[in-house]
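Visitor: One structure is given below, represented as structure tokens, and several questions about it will come after.
Residue numbers (the working numbering): 32 to 139.
Encoded structure:
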């Protein structure tokens, strides 16, 4: 989990904020997942059809749901790549001081 590596060097007040932010993002992801499944079930069961995710999975079209997830993940990847190319590194002003023998540096 990303939380452990970032909380090692953070101040105590920021550690609890980072933990709360991590838990909030997990809960929002679970909510969005439940909302997506509910929407797919509601839309795909129109006209009295069994839908994509019925109670008996042998009668449904779970493959279409997985194709939808693959399409959404592809869109997410494209948006990530666009944002990564748009991002510009910020140069910090300050003096670099060596803090250990393992080539770790800190900016003052």
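Every residue, glycine too, gets a C-beta built ideally from N, C-alpha and C. This one's a predicted model, so the numbers in the text were calculated from it and none came from an experiment.
1. For residue 112 versus residue 96, is the C-beta spacing smaller than 8 Å?
2. Could you tell me the boundaries of the alpha helix (DSSP H) in which residue 90 lies?
3. By the DSSP assignment, the alpha helix (DSSP H) with residue 63 in it spans what residues?
4. With burial defined as no fewer than 16 other Cβ atoms inside 10 Å of the residue's Cβ, what is the status of residue 75: buried or exposed?
5. Please name the residue, chosen from 107, 71, 61, 119, that lies closest to residue 93 on a Cα-to-Cα basis.
6. Tell me the DSSP secondary structure of residue 83 in three-state form.
Guide: Checking against the coordinates, here is how it stands:
1. Cβ distance not < 8 Å, so residue 112 and residue 96 don't count as in contact.
2. Run containing residue 90: none; DSSP gives neither H nor E here.
3. 43-75 is the extent of the alpha helix (DSSP H) around residue 63.
4. Buried.
5. Just measuring C-alpha positions, the residue of 107, 71, 61, 119 sitting nearest residue 93 is 71.
6. It is coil, neither helix nor strand.
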